[in-house]
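Colleague: With full-length UniProt numbering applied, the sequence shown has no gaps in its numbers, which climb one by one up to 1130 at the end.
My structure is below; once you've seen it, I'll send some questions.
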Amino acid sequence: MKKYYLSCPFLGKKANGRGILFSLLCAVLLSVGNTVFANDFNLILDNEKPLKEAFDEIASHTQYRFFYNSNEINLSTSIDYEFTEASIDEVMTTLLASTKLDYKVIGTQVLVFPKEEGKQTTNVDQEKTKVKGTVTDENEVGLPGVNVIIKGTTTGAITDFDGNYALEVATTDILIFSFVGYDNQEQNVGDRSIINVQLATQVDELEEVVVTAFGIEKEKKSIGYSVQEVKSDELTDTRTTNVGSNLSGKIAGVQVNPSGGLGGSVSVRVRGSSSISGNNEPLWVVDGVPINSASMGQISSPDDGPEWGGRNADGGVSDINPEDIANISVLKGPNAAALYGSRAQNGAIIITTKKGASQKGVKVEYNANVMFEQVQSFYNMQDTYGQGTSGKIDTNAMGSWGAPMEGQMVQSWVDPSLTTPYQANQQYKDFFELGSTVSNNIAVSGGNDLATFRMSFMDQRANGIFPSQSLNKNSIDFQGGLKTEKFTLNGKFNYINHREEGTPNQGYIGTVNQFVQMPRSIQTNDIKNNYMHPVYGHQVNWSGLSSQYVNPYWQNYNASINNAERDRFVTMVSAGYKFNDWLSLSAKTGIDYYSETRETRDLPSNQTMTDKKYILDKFNVMEMNSDIMMNANKQFGDWGVSASVGANNMHQQRSGMGNEGVGQIVPGLWSIPNATSVINRQTYYEKEIQSVFAFGQFSFRNYVFIDWTARNDWSSTLPAENRSYFYPSIAGSLVVSDMLEDFDTQLPEWITYMKVRGSWAKVGNDTDPYMLAGTYGVQQGAGGPLVEAPLQLPLEGLKPEETTSKEFGAEMRFFKNRLYFDFTMYQSNTFNQILTVPMTSSSGYSHKIINAGNVENKGFEFMVNATVLEKRDFKWDIGFNFSKNRTYVNELADGVQTYEMANVNGVTVVAQEGQDYGNIRSKRSFVYDENGNKMIGNDGLPITSNDPEIIGNIQPDYMGSVSTTLNYKNVSFRAQVDFKKGGDIYSYTDALGTLQGTGERTLNGRDGNMVVEGVNAETGQANDVKISSEQYWNHVGGANAVGSEFMYDASYVSLRELSIGYSLPNKWLENMFLDKVRVSAVGRNLFYFKTNMPGTSPESYAGPSDGYRGIEMGGYPMTRNFGFNVNVAF
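What follows is the structure in structure tokens.
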């Protein structure tokens, strides 16, 4: 039994029992970073343990670290020891008294080595000479802290920062050079005065550790499933306002689609989509606290989504400060994330934030980042023909089918008594501004062996490319921890204030589509300077008082003002108690709570403006997770056994109040009480999942590992008979290279490491609350409240979704770890999909809920990392990610062959039984004869049909990235290129642009000589009827478009990231009280090397669900970001 007594000068005596609290306070107040037990050991240890465990025990409670060659000394010898306030020399002398070992204390390093019999510890009788030299690594870079010892003695030296040393020796001496992670080297002195040494890296290096479920750190070699990490500097160099965007291209098998620009959402998919109607987002976890990453839907006017002109709101991921992130682990699929339960059916993204550490003094770090956002590309429009029809100027026309623009003077739409030039101009270029984001972050951290802390503050101010668009965020994060031999206590508090103003509308009536439909001869100054009537205050536009065409300046300054403010609190408290060296107890509670207010001011386009609309929505969202675990870890000779059992309780609560006021009693006063009529809506949502779980690992000789998990959930959203669902997993890992060494066999020298792994898992997934019974809604009607009857028929025997998954993988390292390869194959099947299907109107319901379906995901992914060149002061690394996934709908439900996931004016994205997931269908299609020829009518226009036609699929064939990093002395360079092959997008923007004659595609045939390729439907002869471009596009474009005409291959190759940085040399900072100064120039989304889109983004999507990935509809323009970073630490 170990007993620890902590000393505090304020107390003047040892403190135990209640005095431990005073000791903890003293440790913090005295001086952060002072070494506990730096001189004398204020502890008592009374145990019989192997010598190695004694060293580990000392190292865990002091700053002393032990270095030795395990091949030369026996550390398994059991030793009795007891110390009270002993010095390091007293401890080492006692421990080694009965051994044939000696030691040397150099600073905080303790060197242990065998004594040489018959050799004196000093060479007093021999003539001394001075020898010096430099110790470098394989790249001829100086190694600081290398131990240089005269063999058989305790005499030695340590190399300085540049790897230099000097030592007095005898000519007969032998020098031993040793350093952690490198092979020892011996050198005979002889008559040399300079001895330079190059140490070789040990093949058996320190094991890589990754963060897995519940924040548990494991040796990567022991894991039987795929885990990939992203480090902090990869997120902060070319940062965005949403951390999710920074994952693009960095993780194999992860697809990221940003939408909405500044303040917009980011869609993340890990290994495709598994649920047809449910959520396909992975679970986000920050320091053990699950974060609600979804954006709350609009309470008022719920049908006004982003695809039809609503705002695209971001989720909780955007509130995470990238400067606080230490690393991100992506657990891919159910196999890796099974411990998190049903919510991690789609994988989990585990974020570990920075924490304080035991160190000397307080560390302060300041980071400044300035980024600019610029429109990279807009929808491809023609600059030849202006407003009119049939090739003639008509200032009352809605399209650009007029005459060539040659500067003719035409009647002004602003004032009919004036004229204006009929000429091309770049309306959208004049409208969009140069956006900017300025971020400042300061962090203070420190600690000692007893207590640590870190506190950071972030201020971010951003202006978007749209006029009046802004986003401001402030974040405060505090983390602290206490640790004794038995007890640990950690706490976290994070507050974020998030404020948006002027968030633009998107979709059909959004700003982008207004420019797409605007005749090309309309002058920018006319719409900019005359967007509001000076007397009546209503819209002024080239199209008159139309509800379809809106002046973009009116829309952004007056018509649709979207503001939002969110206050978020993330708190966590965890505690642990260690009963002995193999048994411990841990508990944790975390809360993610936010309150959000959204405001929309909507002015109509008509002259009287009687329908002014004011929407005020307020949300309160809370999730609390609490868990407790008992953990055991024991070694039995060659066998290792670990196991944990625990329980978790997850409670969600959401409430919302929506107010929609129409009209104004007092003109210009935007408030709900000032509305002439008000519709009030209220929502409430509560859900709980109670769980028990167990997991563990068996290992043999540290190269065979078997992991298992078991979890049972009880969900409040399922019926009693199906409320409980159990899911297990099992994974195995075999380190082939270590196993062969154990059998005195080795792989070829050029193969450094080989591991194979495999896993199987089963997880369940529940549904939203209140799906088991019909619920009534209440609305405010003209004569009073109205009760809405339920339209959805519930399923009393609703079952949880079920996903089974299996994967196999291998990892290899070559040429002393200079080349790394990781390959994974996987397959998952999701059954009992929870679907909503339509019903006949005679039933009294519009739709019902069913359990059905079998969706299969299958694919592979691999990662390659290589150090191409490594020399003194220079290193070149290359990384490569590649993945291919295909999702297939094996089965739907009886009588249901097609399930609609998205619909935009007859172009739908569907799940079809026996087909690939995400087929894009058009209700209007061209007609072809038996030979595949397009059939043309006598009028020269193609014949169309209303028979649905599959015109594409949303899934990419494959995707990946290539990154390169070069470091030369203090200069660093990094670039990342992302690519995607395949996947189709329907461009509704192009369908509108061609209808209006603004699209670049409409240039051909303006002279009336356009001949559509095909055959006459009556004669079967080749079509030779000439038509105009206007006739063709009015026939196939617009809202009721022939979908195949506007399908695009969404393949792309993009320069995603580019950065170059410079760190000031340390010698420049020695007298400036600075530890680090680094400046860098950075760029993100700089340009596309290749894209097939008509100027629109191949990565945009129209709405929040999976189906809208295949539809582009007036989305945010493609932008590039560039700027610089400054990082200072002291």
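Beta carbons: idealized from backbone N, C-alpha and C, even for Gly.
Every value quoted in this text rests on a predicted model; they were computed, and no experiment measured them.
Which runs of the beta strand (DSSP E) fall wholly inside the segment 867-947 and span at least 3 residues, in chain order?
Modeller: Runs of the beta strand (DSSP E) inside the segment 867-947: 874-891, 898-904, 907-912, 919-922.
Colleague: Going by the CB atoms, is the gap between Ile522 and Gln408 shorter than 8 Å?
Modeller: Against a cut-off of 8 Å, the Cβ pair of Ile522 and Gln408 comes out as no contact.
Colleague: Just the C-alpha distance for Gly537 and Lys473, rounded to the nearest angstrom, thanks.
Modeller: Distance between the alpha carbons of Gly537 and Lys473 is about 33 Å.
Colleague: Would you mind listing the alpha helix (DSSP H) stretches within the segment 330-413 that are 4+ residues and don't spill past its ends, in chain order?
Modeller: Fully enclosed alpha helix (DSSP H) runs of 4 or longer: 333-337.
Colleague: Grab me the residues of Leu966's own chain with a C-beta within less than 6 Å of its C-beta, minus the 5 sequence neighbours each way, in chain order.
Modeller: For Leu966, where only same-chain residues beyond five positions count, the Cβ hits under 6 Å are Trp876, Phe973.
Colleague: For Val540, which residues in the same chain have their Cβ closer than 8 Å to its Cβ, ignoring the five residues on either side in sequence?
Modeller: These residues qualify, in order along the chain: Val414, Asn530, Tyr531, Met532, His533, Asn551, Trp554.
Colleague: Please tell me whether Asp916 and Phe862 are closer than 8 Å, where the distance is taken between their beta carbons.
Modeller: Going by C-beta atoms, Asp916 is not nearer than 8 Å to Phe862.
Colleague: For Ala991, report the span of its alpha helix (DSSP H) as first-last.
Modeller: Per DSSP, Ala991 belongs to the alpha helix (DSSP H) from 988-996.
Colleague: By Cβ distance below 6 Å, which residues in the same chain neighbour Ile320 in space, the five residues on each side in sequence not counted?
Modeller: Counting only Cβ-Cβ distances below 6 Å, and skipping sequence neighbours, we find Val243.
Colleague: In whole angstroms, what is the alpha-carbon distance linking Gly1061 and Val1082?
Modeller: Going by the C-alpha atoms only, they are around 8 Å apart.
Colleague: Tell me whether Pro1117 is buried or exposed, calling it buried when 16 or more other Cβ atoms sit within 10 Å of its Cβ.
Modeller: Pro1117 is buried by the Cβ-count criterion.
Colleague: What is the residue span of the beta strand (DSSP E) that Met624 lies within?
Modeller: 613-636 is the extent of the beta strand (DSSP E) around Met624.
Colleague: Using only CA atoms, which one of Ile216, Pro421, Asn1004, Ala166 lies nearest to Ser193?
Modeller: Considering only alpha carbons, the answer is Ala166.
Colleague: So who's on the other strand from Ser475, going by DSSP bridges?
Modeller: DSSP lists Met458, Ile496 as partners of Ser475.
Colleague: Identify every residue that forms a DSSP beta bridge with Val864.
Modeller: DSSP output for Val864 lists Phe821, Phe880 as bridge partner(s).
Colleague: Buried or exposed, going by whether 16 or more other CB atoms sit within 10 Å of the CB of Ile1111?
Modeller: Answer is buried; the Cβ neighbour count reaches 16.
Colleague: Considering Cα atoms alone, identify which of Asp459, Ser1044, Gly333 is closest to Ala761.
Modeller: Of Asp459, Ser1044, Gly333, the residue nearest in Cα terms is Gly333.
Colleague: Quick one: residues in its chain with C-beta nearer than 6 Å to the C-beta of Asn39, no 5 flanking neighbours on either side, listed in chain order?
Modeller: Residue confidence for Asn39 is low, a pLDDT of 45 falling below 50, so the modelled location carries little weight; the figure read from the coordinates is stated next. Excluding residues within five positions, none has a Cβ falling inside 6 Å.
Colleague: Inspect the CB distances between the segment 453-462 and the segment 435-444 and report whether three or more fall short of 8 Å.
Modeller: Output reads yes: the segment 435-444 touches the segment 453-462.
Colleague: In terms of residue numbering, what span does the alpha helix (DSSP H) encompassing Phe1122 cover?
Modeller: Element bounds for Phe1122: not the alpha helix (DSSP H) but the beta strand (DSSP E), 1118-1129.
Colleague: Identify the continuous alpha helix (DSSP H) that holds Trp1068 and give its terminal residues.
Modeller: Counting along the chain, the alpha helix (DSSP H) containing Trp1068 begins and ends at 1066-1069.
Colleague: Three or more C-beta pairs closer than 8 Å, one from the segment 838-849 and one from the segment 884-892: is that the case here?
Modeller: These segments do not touch.
Colleague: Using three-state DSSP, classify Asn765 as helix, strand or coil.
Modeller: Asn765: strand per DSSP, three-state reduction.
Colleague: Spatial neighbours of Gly663 within its chain, please: C-beta separation below 8 Å, excluding the five flanking residues on both sides.
Modeller: Taken in chain order, the residues that qualify are Thr610, Asp611, Lys612, Ala675, Thr676, Ser677.
Colleague: Return the CA-CA distance between Tyr928 and Met935, expressed in angstroms with no decimal places.
Modeller: Rounded to the nearest angstrom, the two C-alpha atoms are 5 Å apart.
Colleague: Between Gly997 and Leu786, what straight-line distance do the alpha-carbon atoms span, to the nearest angstrom?
Modeller: Rounded to whole angstroms, Gly997 to Leu786 spans 46 Å at the Cα level.
Colleague: Hey, quick one: how far does the alpha helix (DSSP H) through Thr94 stretch, first residue to last?
Modeller: Taken as a continuous stretch (DSSP letters only), the alpha helix (DSSP H) holding Thr94 covers 88-95.
Colleague: Can you tell me which of Gly435, Val1128, Ala213 puts its alpha carbon nearest to the alpha carbon of Ile349?
Modeller: With distances taken between Cα atoms, Ile349 lies closest to Ala213.
Colleague: Tell me the residue span of the beta strand (DSSP E) that contains Tyr1062.
Modeller: Where Tyr1062 is concerned, the enclosing beta strand (DSSP E) stretches over 1052-1063.
Colleague: In terms of alpha-carbon separation, which member of Arg1120, Trp1068, Gln976 lies closest to Ser1059?
Modeller: Minimum Cα distance to Ser1059 is reached at Gln976.
Colleague: Between the beta-carbon of Gly316 and the beta-carbon of Asn292, is there less than 8 Å?
Modeller: Yes, these two residues count as a Cβ contact at 8 Å.
Colleague: Under the three-state reduction of DSSP, which class applies to Thr511: helix, strand or coil?
Modeller: Here Thr511 sits in helix by DSSP.
Colleague: Which value, in whole angstroms, describes the spacing of the CA atoms of Phe1124 and Ser265?
Modeller: Straight-line Cα distance between these residues: approximately 24 Å.
Colleague: Is Gly809 helix, strand or coil by DSSP?
Modeller: Of the three classes helix, strand and coil, the one that applies to Gly809 here is strand, per DSSP.
Colleague: Rounded to whole angstroms, what is the Cα-Cα separation between Gln411 and Gly1037?
Modeller: The alpha-carbon atoms of Gln411 and Gly1037 are separated by roughly 29 Å.
Colleague: Where DSSP assigns a beta bridge to Glu688, which residues make up the other side?
Modeller: Paired residues: His651.
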